[in-house]
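Mind the numbering: the sequence shown is residues -28 to -1, 1 to 385 in mature numbering (1 follows the signal peptide of the UniProt record, and there is no 0), read in order.
Down below is the structure, laid out as structure tokens.
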Amino acid sequence: MKFTRSAICTAFGLVVATTLSATPNVDAFSPIPTSSTSNRQKVGTTSAAFTPRSIQSMASSSSTSLNSYTIGIVGATGAVGKEIRNCLEDRGVVKVDKLRFFGSERSAGKKVSTKNSGEVEIELFSVDAARECDVVFLAVDGDFALAHAKAISEGDDGAVVIDNSSAFRYEPEIPLVVPEINGECTKKSKLIANPNCTTAIGLMALWPLIKQFGVKKVLMSTYQASSGAGQPGMDELTEGTKQYLEGDMKSHDEIENKIFAYPLPFNVIPQIDKFQENGYTKEEMKVTWETRKICDLGDDVPISCSAVRIPTIRAHSEVIVLETEDKVDLEVARKVLEDAPGVVVKDDPETLTYPMPLTATGSYDVEVGRIRQSLAFGDYGIEFFVCGDQLLRGAALNAVLVAEEMDKNGALA
């Protein structure tokens, strides 16, 4: 089937298994575990173990808003919350009149330095205080979102809520949005769900090809960084690697693992999230469910994913195989990807140019390369490799782009 942008906001019915609970119950204000425009900017990582090689200035392709807003962030000091702050201030598309941070009793009263708003004191969260904002970004766990998101957004005087957790992604009436694909859906609700990081990164490259050539089948294998488990995941990898290399332990088995099922240093783990009855993990099923919802695909389009945790700090990688309805012209495919917003093509075998976590980390862009005809599907198939920063394109940047889209289409007014 082939698609147009106008088809994306059609009614969508999704049968969701009862296993789709919110993010596991942790401290309600803890940062969500991140499992999730031409090369616009590099920003700092949240881990001291890896720093992007360059920081580039950004000229946004969107016009700056004439309106200004009170912006609230719940979870502003977590990995995703920090990047939301950076994206808002660096892009400058959504004009911030006042920036407010909300937290628990433990963090209330602490001051956070910002680039454009000076020091901002963290306020004790309350629904009433959050409703005073025009936009509230939730960068906390799903239990918190389930408890408060609708109360913050309900009514004409409620705030727009952009939720980074999985709490509302699979509710048919709640838009699940990647702005470059189905941004029109932001007109329909004051509560918007941000997709899983793996889904958001993959769809940036997959959707333009689906529009051009149609889709019969999607196969995906993901290679996901330790940062998918948040700062604790990155810390466990770096500390375990350090201990192993310094000879503090006699064998790999002695590396302590609390975050991952097994030690991650020098290892790959073919499990992300809990196993489901069908043998897939929940992370793998998220890709299937969310791709169908965002791209308005029916159950007759098979989508299969295998998700693997790898010992890198930040940025996820994906191999995607697309079986198409129409014959694939590789030159047309490359041109489609080159013209796609938020995508940069890195594909030159002669110079060994291809996507890598090393170059994708800190970038707003999703890198795409290794573009080739599929040997499995012949003329009706294409394979490619994708890398993207899951804290940016897979989380914070996508959330900020949602706000920009709503500002542009009047949904914030």
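No residue lacks a Cβ here, since even glycine has one placed at the ideal position from N, Cα and C.
Between the alpha carbons of Q345 and K299 lies a distance of about 10 Å. G314 and V338 do touch by the CB rule: their CB atoms are close to 6 Å apart, below 8 Å. In this structure, S278 is the residue among S278, I227, N370, S137 with its C-alpha nearest to the C-alpha of F247. In this model, K67 and E377 are separated by some 13 Å (Cα to Cα). Around the beta carbon of P242, fewer than 16 other beta carbons sit within 10 angstroms, so the residue counts as exposed. Approximately 6 Å separates the beta-carbon atoms of V358 and G174; this is inside 8 Å, confirming the contact.
Between E93 and F185, the C-beta gap is not smaller than 8 Å, which leaves the two residues out of contact. Considering only I266, N168, E262, the residue with the shortest C-alpha distance to G155 is I266. With the rule of 3 Cβ pairs closer than 8 Å, the stretch 245 to 261 does not count as touching the stretch 317 to 332.
Q196 sits in a strand when the DSSP states are folded into three classes. Distance from the CA atom of T260 to the CA atom of L217, rounded to whole angstroms, is 38 Å. When the beta-carbon positions are compared, D106 and V133 stay at least 8 Å from each other. Taken in chain order, the whole alpha helix (DSSP H) runs of length 4 or more contained in the stretch 128 to 210 are 151 to 154, 169 to 185. Annotation for S40: the continuous beta strand (DSSP E) segment containing it runs 40 to 46. Counting along the chain, I354 sits inside the beta strand (DSSP E) bounded by residues 350 to 360.
Between K122 and L163, the CB-CB gap stays under 8 Å. Sequence-distant Cβ neighbours of S125 in its own chain, meaning closer than 7 Å and more than five residues away, are A131, V132, V133, K162, L163. The closest CA to that of A201, considering only D272, K188, N168, G75, is found on N168. Our two residues, K159 and T263, have alpha carbons roughly 20 Å apart in a direct line. Per DSSP, C277 is one residue of the beta strand (DSSP E) stretching across 275 to 281. Buried is the label assigned to L363, since at least 16 other Cβ atoms lie within 10 Å of its Cβ. About 7 Å separates the CB atoms of V280 and Q196; that is less than 8 Å, so the two are in contact. Nearest Cα to P321 within the set F73, T333, K54, I343: I343. Less than 8 Å divides the Cβ of R63 from the Cβ of V372. Taking 8 Å as the cut-off, the Cβ atoms of P151 and A312 do not count as close. When rounded, the separation of the alpha-carbon atoms in D100 and D135 is 18 Å. For the set A348, E208, I182, the Cα lying nearest the Cα of F238 is the one of E208.
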